[in-house]
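What follows is a short report on a single structure.
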Amino acid sequence: MTLATLLLLAAALIGIGIYGALSQQSFVMLMMGLELILNGVMLAAVAFWAFSGAGAPEGQLLTIIVMAVMAIEMTMGFALVVAVFRGKQADTTESLTGLKH
Amino acid sequence: MIESMSHGIGVDIAFLLLATLAVVTAWRVFRTDSMVRASFFLLVSFIAVGVIMILLAAEYLGVAMFFMMAVEMTVMALFMVMFMMNPAGLNPMNMVHQERISIGAGVVSFLVLSAMALLAVFPDRPVSAGLDPVRSLGNEMLGDSMLIFESAGLVLLTTMIGVVVLSSHRGRYGAATEGSLPPGLESGGDPAGKPEEDEDGEDGGHHHHHH
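Protein sequences, first through last, are from chains A and B.
Numbering-wise, this note's numbering puts 467 at position 9 of the first sequence, and it's gapless, one number per residue.
Numbering-wise, this note's numbering puts 277 at position 102 of the second sequence, and it's gapless, one number per residue.
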């Protein structure tokens, strides 16, 4: 378990997340891709904190902030899914052609 | 890369297993037929990363990850059942667009980030043995970085209000259209742009209009 292996794992998670966020048609699956990206970001932050940052507390704080970003992304995503579903009975990105509904 | 943290071979084996688990389950998220199963695969991937954080001595963050993701993925599974056409995975599912570009973008970003991880020279300053990570995080959050921490809380509160506004289909005094009909095109005429509900009533006998 070195910094390089941890960063490789984070890179793999971010890569899979980018694939998912770009390729999925369903809103909720798309959000799963975004979550995976943030998962890799948090792992990289903790890895840097443990191996390069000499345990500076700001490294852990950054991870907490990413967790808050993740929670905000989830709630806003679900609210938008509800709003879109109410307006268009749609749950795929293809059925949205404009920002207004 | 210098071995910068003193730990046994057991930690390395555990890390290898957890890393494999995290990547495989993350991949299975987009390859399973069932959307509910996809959210639980994502949960397993997050838990594997949380255990790796605990191996890295960030106990608080690892445990916080377990709790947060367990709740989040349960909510996600509920949303899958509510909105998606195939939550149980009884039929094959492959709902993707621009797949080739997406695979390319994923592979390219993985390669670029891996090259940075392998080629860049990072300072080798491991956590000192005497540091208590949980105590140091607590002192930071309620000390020097309190403004950042409180701002995160405020943003979360704002998000909650915004989410309720977005997802609620009625306001405090009724539906959005209530009492706010647009004026007619001629004076005294019917409101402009109002959906004509009463005219298409031949097959809509189950609509109850209160006049």
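We put the beta carbon where it would ideally sit given N, CA and C, even for glycine.
All figures in this text were calculated on a predicted structure; none of them were measured in a lab.
Exposure of N314 (chain B), with buried meaning 16 or more beta-carbon neighbours within 10 Å: exposed
CB contact below 7 angstroms: A503 (chain A) versus chain B: no
CB-CB length for M259 (chain B) against S484 (chain A), believed under 8 angstroms: 6 angstroms
Rounded C-alpha distance that separates I495 (chain A) from G478 (chain A): 9 angstroms
Minimum length 4: unbroken alpha helix (DSSP H) runs contained in the segment 288-334 of chain B: 308-316
Whether G473 (chain A) touches G281 (chain B) by CB criterion (7 angstroms): yes
Interface residues of chain B facing Q483 (chain A) [CB-CB closer than 8 angstroms]: M270, V271 and H272
Unbroken alpha helix (DSSP H) run spanning F205 (chain B), endpoints: Here F205 (chain B) belongs to no alpha helix (DSSP H), and DSSP marks it neither H nor E.
Contact check, L231 (chain B) vs V504 (chain A), beta carbons under 7 angstroms: yes
The segment 506-520 of chain A / the segment 191-208 of chain B touching (three or more Cβ pairs under 8 angstroms): no
Positions along the segment 544-556 of chain A whose CB lies within less than 9 angstroms of some CB in chain D: Absence of chain D from the displayed structure is noted, the protein chains being A and B.
Spatial distance of E377 (chain B) from R203 (chain B) (CA atoms): With a pLDDT of 45 at E377 (chain B), under the threshold of 50, the modelled position of that residue is not reliable, and the figure given next carries that caveat. The straight-line gap from Cα to Cα measures roughly 49 angstroms.
Span of the alpha helix (DSSP H) around P515 (chain A): P515 to K546
CB contact check: T334 (chain B) to chain A, cutoff 7 angstroms: yes
Supposed close pair S481 (chain A), S277 (chain B) - CB separation, criterion 8 angstroms: 4 angstroms
Cα-Cα separation between D375 (chain B) and L253 (chain B), rounded to whole angstroms: With a pLDDT of only 46 at D375 (chain B), under the threshold of 50, the placement of this residue in the model should not be trusted; the figure read from the coordinates follows. Each residue's Cα considered, the two are about 36 angstroms apart.
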